[in-house]
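Peer 1: If you read the protein sequences in the order shown, they are chains A and B. Using the numbering used here, read the first sequence as starting at -15 and increasing by one per residue. Using the numbering used here, read the second sequence as starting at 3 and increasing by one per residue. Just so you know, even glycine gets a beta-carbon here, dropped at the ideal spot from N, CA and C. Nothing here was measured: the structure is a model prediction, and the numbers come from that model. Once you've had a glance at the structure underneath, I'll fire off some questions.
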Amino acid sequence: MSAQKIKAGINLHAILKNLEDLVAFDDDARKLIGNRKMCIRFSVKNGPEAWVKFEKGKCTVGRGKAPKPNVILWFSSCEHLNKMFDGKANPIPLKGFTKLSFLQKEFTQLTKRLEYFLRPENVEKLDEHYIKMNTNFTLTIAAYALPEIALFDERAKFTASHLPDGTLQMEVLPEGPDVYLEIKAGKITAGKGKIAHPDAMMIMKDAHVANDFLNGKTDSFTAIALGDVMIKGQIPILDGINLMLDRVINYVS
Amino acid sequence: MKTYSYNKSHELFKKAAKIIPCGIYGHFSPAPLIPVSDYPFYISKAKDAHFWDVDGNEFIDYMCAYGPVILGYNNPVVESAAEMQRQQANCATAPGEIMVELADELVKTVTIADWAFFAKNGNDATTFSLMIARAKTGRKKIIRLKGGYHGVAPWTQSPDHPGIIFEDAENMLIGEWNNYEVLEDFVTKNPGEIAGIIATPYHHPTFEDNVLPAEGYWKKVEQLCKQEGIVLIIDDVRTGFRLDVRGSNEYFGFKPDLIAFCKAIGNGYPISALVGTKEMKEAASKVFYTGSYWLSAVPMAASLATILEIKENNVPEMLAEKGKKLTGGLQKIAKRHGFNLKVTGHPAMPYLRLTDDPSLMLHQEWCGECTKRGAYFTSHHNWFISAALTDTDIQKTFEIADDAFKTIKRNHPHKS
């Protein structure tokens, strides 16, 4: 399976997923959307499908084909989609020509706002809001990228096939964000928030630790021993997920 | 009851983390000690069944350095033998006479052994055993079992781990403990291709209940190997000399072709051994395999003294007795507090688990609470009973366990 397909899956299902919280927690992003009602479908030839829906000031991102999209953006290949995410290509609109101005203006501004929160290296002063958003997005990308690489990355596929069934809660202290993973027969599903009675827990002591840990800047053994990352429960789940998290970095630009 | 703090240990670790990968690596890494804040990281001294950390806290040790220290730390008989040899020679241009004496003792003691070969770590011996199996049979494939630990060489690891490639596992077939049919199926599907089967005498994985061999399992495996010309290798690194001085295979009633020993044979001195039948000797002689310190004399002197002490004091029986006393007592205390403490494996190296919480979180908490009161319990690994463990130590452990149970009951009233 090509790296482009994995990257396309991560772009659509993990990176784009952050639009939900961007609109929910960032005033500037919410203003861009207003009360607009619209559904955009992303369709990739021989690749993943996803949709982004704006309604009543909220954003929802989902997998697969949206039932009634106002706009369909088509990509000739996974590479085409990935180039668009890197700002080097444009999509081909198949439906919704009257909405093109929204795509070119507000939606583009929205994705630029998302990019701003994902690239702290380009920001001079990181305020509390920025750190909160960046941590939230980093954790979401890590969690939602895992199902993609578990499906298509050769090493991660092997790891996933040996993972015990169960649930893993990932938390950032003191007040979140929180995500969780459900593992069943090697298939991983990601979700936001807390679940009752997880089988394993990975608790990062603050946003800074979470960023370094999830971006592969610290080794997990040291981070755990230092108490920066606390683990408990079914460690074989954590061991496997940790191996797979290491693979995510290869596909996120 | 007073609980420990580990300021110096943790400060030292911060320094180590900057200059040593992982700070402390491998099986000594603090990462699986949960919560890490309940555990010491660095030791200052050790004696008998006790060690002291760098913060001055004293522990009754139920890990025995993860297995090597069977007779207790600084055993006077072993230390004296090592010291006497050290005064003569250790690492020199030729081996000492002690090498022949030690080989002779192993051949006399271990039932299947017609020869002995020495190295440093258990993995040296297990890897050598695979090479011998391939040299003997001219075949490539090796069967090992899921969850079985045989060291850290690439062939022993899962191919998805960093530094390991899928090709490292190319000729490895992974069976399941106590599942004879899977082995038979491998043999049927790979006719004339399987060089060896390597397994521990009983199943002692981490994070899971340990499992003894099913009735007749080993006999059937032995028969299959004989019939198909497959070399049967027993990894007795963790179990060796704890269950039976003649080899753990004797405890379970079967005869392998090769047995790898380490840990208990040196009481802390760096030495491992591979022993085998006379049919394996020629193949062993053809494989070129050595290391800078493998023929050093001091660990051999320590090993000979250790083996003689184990035999003279019938240590396996002693360990089983102490293990039963300890785990039986802990189970009673657990029950008194409304918890169920499950004990699996052999009493000399029991694996314990509180079944009241399948996630292991409660068990991890209890082990941590015991450790910071002075009984060093790990939650992920089987424990090791020391021959130096006294009744007073066991009694003290019961008091600690009782207090720890009170704490976890207070923290989780709904779980007991």
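Apart from the five residues just before and just after leucine 65 (chain A), which ones in its own chain have a Cβ nearer than 6 Å to its Cβ?
Peer 2: Ala(-8), Val28, Phe59
Peer 1: Count Cβ pairs between the stretch 45 to 62 of chain B and the stretch 252 to 263 of chain B that sit closer than 8 Å; are there 3 or more?
Peer 2: no
Peer 1: Can you say whether proline 193 (chain B) is buried or exposed, counting buried as having 16 or more other CB atoms within 10 angstroms of its CB?
Peer 2: exposed
Peer 1: What whole-angstrom Cβ distance do leucine 321 (chain B) and alanine 350 (chain B) have, given they're in contact under 8 Å?
Peer 2: 4 Å
Peer 1: Sort out for me which residues DSSP pairs leucine 260 (chain B) with in a bridge.
Peer 2: B:Ile235, B:Gly278
Peer 1: Can you confirm whether the stretch 38 to 55 of chain B touches the stretch 7 to 25 of chain B when touching is taken to mean that 3 or more C-beta pairs between the two stretches lie within less than 8 Å?
Peer 2: yes
Peer 1: Around the Cβ of lysine 52 (chain A), are there at least 16 other Cβ atoms within 10 angstroms (buried) or fewer (exposed)?
Peer 2: exposed
Peer 1: Are the beta-carbon atoms belonging to isoleucine 199 (chain B) and isoleucine 235 (chain B) less than 8 Å from one another?
Peer 2: yes
Peer 1: Does leucine 102 (chain A) come out as helix, strand or coil in the three-state DSSP assignment?
Peer 2: helix
Peer 1: According to the Cβ coordinates, are glutamine 218 (chain A) and glycine 150 (chain A) closer than 8 Å?
Peer 2: yes
Peer 1: Residue ranges of each beta strand (DSSP E) run of no fewer than 3 residues wholly in the stretch 56 to 101 of chain A, ordered along the chain?
Peer 2: Listed in chain order, the complete beta strand (DSSP E) runs (minimum 3 residues) inside the stretch 56 to 101 of chain A are 76 to 79.
Peer 1: What did DSSP end up calling phenylalanine 386 (chain B) once you bin it into helix, strand or coil?
Peer 2: coil
Peer 1: Flag lysine 89 (chain A) as yes if its beta-carbon sits less than 8 Å from any beta-carbon of chain B, otherwise no.
Peer 2: no
Peer 1: Quick one: list the residues of chain B neighbouring phenylalanine 142 (chain A), beta-carbon separation under 7 Å, in chain order.
Peer 2: Near phenylalanine 142 (chain A) (Cβ distances below 7 Å), the residues of chain B are Pro161, Asp162.
Peer 1: Taking Cβ positions, are glycine 78 (chain A) and isoleucine 225 (chain A) nearer each other than 8 Å?
Peer 2: As written in the sequence, residue 78 (chain A) is leucine, which differs from the glycine given in the question. Cβ atoms of leucine 78 (chain A) and isoleucine 225 (chain A): not closer than 8 Å.
Peer 1: Looking at the structure shown, is valine 56 (chain B) part of a helix, part of a strand, or coil, going by DSSP?
Peer 2: coil
Peer 1: Please classify leucine 354 (chain B): is it buried, with 16 or more other beta-carbons within 10 angstroms of its beta-carbon, or exposed?
Peer 2: Flag for leucine 354 (chain B) reads buried.
Peer 1: Mind listing which residues of the stretch 193 to 226 of chain A have their C-beta closer than 8 Å to chain B's C-betas, in chain order?
Peer 2: Cβ contacts with chain B come from Asp203, Ser204, Phe205, Thr206, Ile208, Ala209, Leu210, Gly211, Met214, Ile215, Lys216, Gly217, Gln218, Ile219, Pro220.
Peer 1: Relative to the C-alpha of alanine 403 (chain B), which candidate in B:Glu371, B:Ala390, B:Glu284, B:Leu391 has its C-alpha closest?
Peer 2: B:Glu371
Peer 1: Among B:Gly177, B:Thr158, B:Trp179, B:Asn180, which residue has its Cα nearest to the Cα of aspartate 170 (chain B)?
Peer 2: Distances from the alpha-carbon of aspartate 170 (chain B) to those of B:Gly177, B:Thr158, B:Trp179, B:Asn180 put B:Thr158 closest.
Peer 1: How many angstroms separate the CA atom of glutamate 39 (chain A) from the CA atom of lysine 116 (chain A)?
Peer 2: Approximately 24 Å between the Cα atoms of the pair.
Peer 1: Judging by CA-CA distance, which residue of B:Met65, B:His29, B:Ser287 is the nearest neighbour of leucine 391 (chain B)?
Peer 2: B:Met65
Peer 1: Out of B:Pro360, B:Asp359, B:Gly325, B:His339, which has the shortest C-alpha to C-alpha gap to valine 345 (chain B)?
Peer 2: B:Gly325
Peer 1: Tell whether a beta-carbon distance below 8 Å holds between proline 70 (chain B) and glycine 268 (chain B).
Peer 2: The answer is yes: Cβ separation under 8 Å.
Peer 1: Per DSSP, what kind of secondary structure is phenylalanine 38 (chain A) in: helix, strand or coil?
Peer 2: In the three-state scheme derived from DSSP, where H, G and I count as helix and E and B as strand, phenylalanine 38 (chain A) is classed as strand.
Peer 1: Counting only runs that start and end within the stretch 311 to 352 of chain B, where is the beta strand (DSSP E) found for 3 or more residues in a row?
Peer 2: If we require 3 residues or more, the beta strand (DSSP E) runs fully inside the stretch 311 to 352 of chain B come out as 343 to 346.
Peer 1: Against chain B, which members of the stretch 42 to 74 of chain A pass a CB distance test of less than 8 Å?
Peer 2: Those would be none; no residue qualifies.
Peer 1: Mapping the DSSP letters down to three states, classify histidine 181 (chain A) as helix, strand or coil.
Peer 2: coil
Peer 1: Rounded to whole angstroms, what is the Cα-Cα separation between serine -14 (chain A) and serine 388 (chain B)?
Peer 2: Cα to Cα, serine -14 (chain A) sits roughly 54 Å from serine 388 (chain B).
Peer 1: If you follow the alpha helix (DSSP H) that phenylalanine 188 (chain B) is part of, which residue opens it and which one closes it?
Peer 2: 182 to 191
Peer 1: Is the Cβ of alanine 19 (chain B) closer than 8 Å to any Cβ of chain A?
Peer 2: yes
Peer 1: So, helix, strand or coil for glycine 198 (chain B), using DSSP?
Peer 2: strand
Peer 1: Which residue wins for smallest C-alpha separation from threonine 139 (chain B), given the options B:Ile176, B:Arg146, B:Val233, B:Arg338?
Peer 2: B:Val233
Peer 1: Mapping the DSSP letters down to three states, classify aspartate 126 (chain B) as helix, strand or coil.
Peer 2: helix
Peer 1: If contacts are defined as beta-carbon pairs under 8 Å, then isoleucine 144 (chain B) and alanine 135 (chain B) qualify, I think. What distance do you get, rounded to the angstrom?
Peer 2: 7 Å
Peer 1: Assign serine -14 (chain A) to one of three DSSP states: helix, strand, or coil.
Peer 2: coil
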